[in-house]
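Trainee: Submitted below is the structure of interest, expressed as structure tokens.
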Amino acid sequence: MQYWKAHYKDALHDTNIQILNTEGDYSTDPLSFTLDNITFQGASLGDFYLADEAQYCEAGKKFSLLKWGGNHSEYQFTSPYFYDLQRYELEIEIPISAFRKKDQSLTTGTLFLAFEYVEPDFTKPCSIILCDDIRVYRDEVIVQEFSFSIDGSIYKSALKTLDFETALNDICTQMKGDYSIKCCFTCQYSDYSPYGNDDYGTMLCFCRHKDDCLKVNSKEDFFTFLGGKDFDARQETYLCEQYCLRNKVKGYRGFVDGIIDLI
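Offset between the sequence shown (1-based) and this note's numbering: plus 57.
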């Protein structure tokens with residue numbers, strides 16, 4: 058369990074908060090924060106929603122919420138209602154261990170994310186969802202910064218995104234001669250699913266199958282040696298005692314010790 062420092066801002070709030078990360082396997086959404094006695098939770102840093110739907114009326118007076126779900130007559134089914142948090146700004150600091158190559162020592166750096174959700178621009182393609190057969194539209198996310206700071210240096214992702222794979226690939230490439238971050242993202246025994254992944258928290262940990270991991274250098278190898286084997290779903294920022302620097306084989310995603318070689 059970790060608490061991440063963050064700053065939240067919307068039309069009625071401008072305050073420091075803490076984001077609780079339970080870090081468990083993804084049986085439940087592990088990220089949450091509470092503000093004005095209202096709790097929001099999510100699987101990733103850009104998808105917080107109202108945790109208790111019984112608080113919808115109260116929360117609607119304090120926050121901007123997008124209600125969706127309900128009855129879908131075309132497909133003849135009914136889903137629960139969901140209440141996504143919208144129209145807000147968030148800055149987050151995530152402590153990450155790192156290996157300093159010049160003196161072979163461990164130190165700590167900080168991942169920093171800053172983004173906001175704004176009214177969608179209807180001149181561009183927008184994400185459409187339904188609420189009782191009525192079209193509703195998610196806010197558009199604008200990312201100001203995704204960076205890693207360490208020892209007075211800041212490595213900023215050139216790609217303004219909340220997708221951790223994309224941003225961390227860029228950052229690791231920038232600092233490959235000086236540092237390696239120590240977390241699930243740079244571990245030899247973790248990979249993303251060849252079928253796709255979300256912005257955050259969908260790494261597949263195969264630490265129970267280490268020998269097989271060391272045979273994987275392509276998508277075909279992944280299916281041959283790891284397909285069908287059990288795994289744990291982990292966050293990119295997770296770290297356990299079985300961590301091993303990814304410097305032996307590429308795995309499915311083609312990452313080796315800060316060097317990107319995409320398959």
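We put the CB at the ideal spot given by N, CA and C, even for glycine.
Note that this is a predicted model, so its numbers are computed, not measured.
1) Assuming E146 and K66 are in contact, meaning their beta carbons sit under 8 Å apart, how far apart are those beta carbons, in whole angstroms?
2) Report back the beta-carbon spacing between G253 and Q292 to the nearest angstrom; my notes put them in contact at under 8 Å.
3) So, for S250: in the same chain, excluding its five sequence neighbours on each side, which residues have a beta-carbon less than 8 Å away from its beta-carbon?
4) Buried or exposed: where does N78 fall if 16 or more other Cβ atoms within 10 Å of its Cβ makes it buried?
5) Report the residue from T135, K305 and Y106 whose alpha carbon sits nearest the alpha carbon of L122.
6) Can you tell me whether DSSP reads L187 as helix, strand or coil?
7) What distance in whole Å lies between the Cβ atoms of D256 and L225, which are believed to be in contact at a cut-off of 8 Å?
8) Could you spell out where the beta strand (DSSP E) holding T72 opens and where it closes?
9) Would you report the Cα separation of Y138 and S162, rounded to the nearest angstrom?
10) Taking the straight line between their C-alpha atoms, what separation do you get for E115 and P87?
11) Leaving out five residues before and five after A159 in sequence, what residues of the same chain have Cβ atoms less than 8 Å from its Cβ?
12) If I follow the unbroken alpha helix (DSSP H) through A116, where does it start and stop?
13) The beta strand (DSSP E) with Q231 in it runs from where to where?
14) Please go through the same chain and pick out, in chain order, the residues whose beta-carbon is closer than 6 Å to the beta-carbon of R192, but skip the five residues on each side of it.
15) Taking only three categories from DSSP, how would you classify D160?
16) Pick from Y194, S237 and Y60: whose alpha carbon is nearest that of F179?
Mentor: In brief:
1) Taking a contact as a CB-CB distance under 8 Å, the pair E146 and K66 counts as one, their CB atoms being some 4 Å apart.
2) Their Cβ separation, rounded to whole angstroms, is 17 Å, which puts G253 and Q292 out of contact at 8 Å.
3) T259 and L261
4) With 16 or more other Cβ atoms within 10 Å, it is buried.
5) Y106
6) For L187, the three-state secondary structure derived from DSSP is strand.
7) Contact flag wrong, Cβ pair sits at about 11 Å.
8) D71 to N78
9) 50 Å
10) 23 Å
11) Checking the sequence, you will find Lys at residue 159 rather than Ala. D235, listed in sequence order.
12) Y113 to G117
13) Element bounds for Q231: not the beta strand (DSSP E) but the alpha helix (DSSP H), F221 to Q231.
14) Shown here for R192: same chain residues with a beta carbon closer than 6 Å to its own, the five before and five after excluded, namely I185 in chain order.
15) coil
16) Y194
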